[in-house]
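*Asks:* Residue numbers (this note's numbering), protein chains in the order written: chain A, 57 to 410; chain B, 8 to 270; chain C, 473 to 811.
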Amino acid sequence: MIRLSNVSSRRGAFALQSIHLEIADGEYFVLLGPTGAGKTQLLEVIAGVQGASSGEIWIDEENVTSLPPEARHIGFMYQDYLLFPQLTVRKNIAFGLHEMPRADANARVEEVARLLKIEPLLDRGIVGLSGGEQQRIALARALAPRPRVLLLDEPLSALDPQIRRELRRELRSLHEELRVTTLHVTHDFEEALALADRLGVIHEGRIVQTGMPDEVFRKPDSAFLARFLGVENLLRGNVARCDPPELHSGGAFEAVFEAGPLKLYVIAEQEGPVYAAIRPEEITVSGEFFPSSARNRLEGTVVSVEKVWPLVRLTVNVGVPLVAVITAQSSESLELAAGVKVCLTIKASAIHIF
Amino acid sequence: MKKPSRLDLIFSLLGACLVLFLLAPLLKMLLGSPAGELHDALTDGEVRSAIALSLTCAFWATLIGTVFGVPLGYLLARRSLPGKHFIEALVDVPVVIPHPVAGIALLLVFGRHYFGGQFFSRFGLTFVGEVPGIVIAMLFVSSSFLINAARDGFRNVDPRLEYVARTLGYGPLGAFFSVAVPLSWRNLLSGAIMMWARAISEFGAILILTYNPKVASVLIYDRFSTYGLKYALPPALALVLLSLSVFALLRGISLQRGQGRAA
Amino acid sequence: MRAAPRLFMVLLCVLFGLGGAKPSSVALSAGTLRTGTAGGEQQQLIVFNAGSLTAPFGDLLKEFARLHPEVTPQQESSGSLDLVRKITEFGKPCDVLAVADYEVMPSLLIPQYADWYGIFARNQMVLIYTASSKFAGEINGNNWYEILLRPDVKSGHSDPDADPAGYRTLLLWQLAEKYYRKPGLYEQLNKTVPAKNIRPKSVELVALLQSGELDYIYGYRSVAEQGGMSFVALPPEIDLSEASKAELYSTVSTQVAGSKPGEKKTITGLPILFALTIPKNAPHQQLAEEFIRFALSPQGQEIMKRRKLTLISPALASDLEKLPKGLRSSFASLGKGRK
């Protein structure tokens, strides 16, 4: 477990203020926040590499606040991996195993390399390795000494989208296998949602909200959060193929997304539990239904009208609340107000499934 | 083959001028000493012991400089010490002081009536007129090369690499030796070479503290004032050639290790 | 880009070829300099002087330049042998040469580089000390050697191979052995100055004296007085100060470095006399004569006395015939069959 209790720290321009955080044993906790929010600093404070000016840090029921990094038994991974350039891959991974007898250390290195699928790289130098390879090696290095907790600083941010998705899945399965308490910081909410058991949001050195991922998204505590997340319509539900199945290119297929009373036609790549996100601008609002190519038509009642000139934000209840954004002019011509019945039209392709 | 650009032309011309300027006097020295006299100089016992003394003292000065200067360079690179700018400026001052002045300044600290001299004499170490005096004169004028090279070398190592080492179980000293030093060794070696070279060439400061036994630079000057240029050139040349071979060797090591290794 | 290194080599070769390896004789350049004519142009006056003459000659030149604003003095101070070498080996231009050891004139300069020399001052060997020297309160011209022989008294002199004051110390010790009728005194005194207490010139010795490393150093009285330092005057029979005692001084001699490493030459005792000359290739002959006339004038002599130089008046020329006409009136003859 990791517990931070009223932790503050100041370093130059960056400051952490009264951080309270609790991560349970074996939990995968993602801390989400924009650049400069203090994510790296927080990790460094937990690792002991930066000092905290006040507060306490507990790892596995041990107060490590006054312990130096080398006594805290944590695994750490920086965004740019920071592999030791003067050492081979094997020696990099074995770096934290200096207390072990040689033979045991070697065995451990092979074990971890197997786990992360980098065995063929073991005797190579660091030059010329791809981003994905480096990331795995950095991970192997952090995991080799069997740390109590794993701290990951934007581990996937430096990778191509394709590799990122692949490694995201691997991180998830690795976690399922090893069950190491993990604190993963990122600015990418898709990543957060895909990996997190629980989620926290950090902004300007403060933890703004924590909770289950969809809770945090659906009920952002603050305007900042909503804006940062930029996703105002986020739904958790289930996707199943359409009957009859119609295939699109790239293995995507038409499917039906269900979340509570809501049913939407979407394009998906996998079945099962997913998130669906709809940008407010993608929702067309009309007084009546009109013929269009869009497959989703929903009837609902206006809950609130917020004027943010030259736009208007509309919250409409279609079984779940959806937020749509239209021009002020449109809103006036439609004479929109709370209680008015409206029709929402959404293209299947505008619903982002992940 | 690409046509040389204007930059290549101008820079080559400027560079060639400087190279020629450095080369010409050295060549004149080489050609001015007939091989026979060079041989005499190299077999002259006094010359040999003077050169040996220079090499030994420079080695000790460099060793002391390394033991005390590399840690200082590390602190200057990594920590924000109070008065850091002052220390950095101070480190550069000995290079600027006229050498006899440096010698006198050292005399006023390490002479037998002064604090340094009295402190060390308790351990049987005296400086004026002794070999340790040569070593401290060399150390004084040349240590800034090493300190600055160490500082710059460490600055070029990402401190986060040391943090990673810390999280992997190394203490601050462990991280220093396993990360900072291996990644900056080329700078450290280069700094040590420069320091050693500067130490060997020192004359004015050494003269004040210790004239006898004579190091090579003192002997060469002595030969010059007593016998004339003709007799000063061969030992001077012997010293230059010897130093050149040491440089070439050390720089060769540093370059060779560079090839075929991850940067 | 492989063109660049090749181009670089080509340029190097071209420059080399242009430069050539002509042996340059610097003496040539001296001849092209203007020789002193009156007129609005700045003229140089190049003076080489021994270290102990730096202060008095510095003052002389300053006053001379004040009286002759078109003159720019260039003063170079060095050991006497160094100065001579600059003229004989390097051909450096020099208008007036003034040394602390008149011997170098006849032995190294005449007849190839100079025709005459003039003796204008004398000096004496003394013991220089400070208030913190051991037994400073006790020492005088009679008990000096006895004090120096006491354990824990540290003394030093300059390198006999490099500085005349060095070998003069050795001669002084020999003369002392005779004068005080103490056989073995030379060896005893020699032991009081181990190699570590030897420095090339008096200036380094003074540094050691003033920092307390040494209690006593052997040097010239002029150096002591110029530096405002205390000194012990020694009997003229041993301190090489009087021309009249030349024969006595010549009864002792010592070996110093010869012309090649490993060679030795014998130096016989002589009175310490300062001498000057105008080298044959002086670029500003007229100006040099004017300066010497000024130096030996009552005004010039005042300036030199203020700097604690013991003058010989009138100055004595080695060969009146060879003196430039303009200087005939400033000198008397040295005579006495001395070269």
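All residues carry an ideal CB built from backbone N, CA and C; glycine is no exception.
1) Just checking: is the beta-carbon of GLN142 of chain A within a distance shorter than 7 Å of some beta-carbon in chain B?
2) Counting along the chain, where does the alpha helix (DSSP H) carrying CYS24 of chain B start and finish?
3) In the DSSP assignment, find the unbroken beta strand (DSSP E) run with HIS76 of chain A in it and report its ends.
4) Can you tell me the Cα-Cα spacing of LEU138 of chain A and PHE66 of chain B, whole angstroms?
5) Which class does TRP203 of chain B belong to by DSSP, given the choice of helix, strand or coil?
6) Taking contact to mean 3 or more Cβ pairs, one atom from each stretch, closer than 8 Å, check whether the segment 787 to 807 of chain C and the segment 717 to 724 of chain C are in contact.
7) Is the distance from the Cβ of TYR134 of chain A to the Cβ of ARG85 of chain B below 7 Å?
8) Name, please, each residue of chain C whose Cβ falls closer than 7 Å to the Cβ of GLU137 of chain B.
9) By the 8 Å beta-carbon criterion, what residues does the segment 146 to 173 of chain B contribute toward chain A?
10) Would you kindly check if the distance between the Cβ of GLU714 of chain C and the Cβ of LYS780 of chain C is under 7 Å?
11) Quick check: what's the CA-CA separation for SER19 of chain B versus LYS9 of chain B?
12) Does any residue of chain A bring its CB to less than 7 Å from the CB of PRO32 of chain B?
13) My output table needs one value for GLY131 of chain A: the three-state DSSP class, helix, strand or coil.
14) Going by Cα to Cα distance, which pick from A:GLU232, A:ASN352, A:ARG221, A:ALA150 is closest to GLU415 of chain A?
15) Grouping DSSP H, G and I as helix and E and B as strand, with all else coil, what is PHE592 of chain C?
16) Cβ of PHE450 of chain C within 7 Å of Cβ of PHE536 of chain C?
17) Using a Cβ-Cβ cut-off of 7 Å, state whether GLY691 of chain C counts as contacting chain B.
18) Just to confirm, are HIS259 of chain A and GLY89 of chain A a CB contact at a threshold of 7 Å?
19) So with CB distances below 7 Å, who are the chain A contacts of ILE189 of chain B?
20) Contact criterion: CB-CB distance below 7 Å. Does ASP633 of chain C meet it with respect to chain D?
21) Could you tell me whether the Cβ of TYR177 of chain B comes closer than 7 Å to any Cβ of chain A?
22) Hey, which unbroken runs of the beta strand (DSSP E) at 3 residues or more fall wholly within the segment 567 to 639 of chain C?
23) So, is the C-beta of ASP573 of chain C closer than 7 Å to a C-beta in chain B?
24) Looking at the structure shown, is SER785 of chain C part of a helix, part of a strand, or coil, going by DSSP?
25) I'd like the list of long-range same chain contacts for ALA315 of chain A, defined as Cβ closer than 8 Å, with 5 residues on each side in sequence excluded.
26) Excluding five sequence neighbours on each side, which residues of the same chain lie with their C-beta closer than 6 Å to the C-beta of VAL101 of chain A?
27) Would you give the residue range spanned by the alpha helix (DSSP H) that LYS319 of chain A belongs to?
28) DSSP three-state call for SER753 of chain C: helix, strand or coil?
29) Please state whether the Cβ-Cβ distance between GLY140 of chain B and PHE147 of chain B is less than 7 Å.
30) Rank A:GLU362, A:ALA308, A:LEU370 by C-alpha distance to the C-alpha of HIS408 of chain A and give the top, closest one.
31) CA-CA distance, GLU719 of chain C and THR738 of chain C?
32) If LEU686 of chain C sits next to GLY628 of chain C, beta carbons under 8 Å apart, how far is it from one beta carbon to the other, in whole angstroms?
33) Considering Cα atoms alone, identify which of A:ALA159, A:LEU207, A:ASN148 is closest to LEU98 of chain A.
34) One question on the structure: do ALA760 of chain C and GLY590 of chain C come within less than 7 Å of each other, judged by their Cβ atoms?
35) Assess, as a yes-or-no matter, whether the segment 224 to 243 of chain A is touched by the segment 76 to 87 of chain A under the definition of 3 or more beta carbon pairs within less than 8 Å.
36) Spatial neighbours of GLN596 of chain C within its chain, please: CB distance less than 6 Å, with the 5 preceding and 5 following residues excluded, ordered by chain position.
*Replies:* The short version:
1) Chain B has a Cβ within less than 7 Å of the Cβ of GLN142 of chain A.
2) Segment 13 to 39, the alpha helix (DSSP H) holding CYS24 of chain B.
3) Element bounds for HIS76 of chain A: 70 to 79.
4) 36 Å
5) Three-state DSSP puts TRP203 of chain B in a helix.
6) No, because fewer than three Cβ pairs between the segment 787 to 807 of chain C and the segment 717 to 724 of chain C fall closer than 8 Å, the two stretches do not touch.
7) no
8) LYS668
9) ASP165, ARG167, LEU168, TYR170, VAL171, ALA172, ARG173
10) It is not a contact, given that the beta carbons lie outside the stated cut-off.
11) 16 Å
12) no
13) strand
14) Because chain A is modelled from 57 through 410, residue 415 of chain A falls outside the range shown and cannot be assessed.
15) Residue state, collapsed to three classes: strand.
16) The displayed coordinates of chain C run from 473 to 811. Any statement about residue 450 of chain C would go beyond what the structure contains.
17) no
18) yes
19) The question names Ile, but residue 189 of chain B in the sequence shown is Pro. Under the 7 Å cutoff, chain A gives GLN142.
20) Any reference to chain D falls outside this structure, whose protein chains are A, B and C.
21) yes
22) 568 to 571, 590 to 594, 597 to 601
23) By this cut-off, ASP573 of chain C is not an interface position.
24) strand
25) Excluding positions up to five away in sequence, the list reads LEU291, ARG292, GLY293, ASN294, ALA332, VAL376.
26) SER65, ALA108
27) First-last for LYS319 of chain A: 318 to 324, but that is the beta strand (DSSP E), not the alpha helix (DSSP H).
28) Rather than Ser, the amino acid found at residue 753 of chain C in this sequence is Asn. Coil, per DSSP.
29) no
30) A:ALA308
31) 17 Å
32) Cβ atoms of LEU686 of chain C and GLY628 of chain C come within 8 Å of each other, at about 5 Å.
33) A:LEU207
34) no
35) Because the criterion of three Cβ pairs below 8 Å is met, the segment 76 to 87 of chain A and the segment 224 to 243 of chain A touch.
36) Same-chain partners within the cutoff: ARG693, ASP711, SER713.
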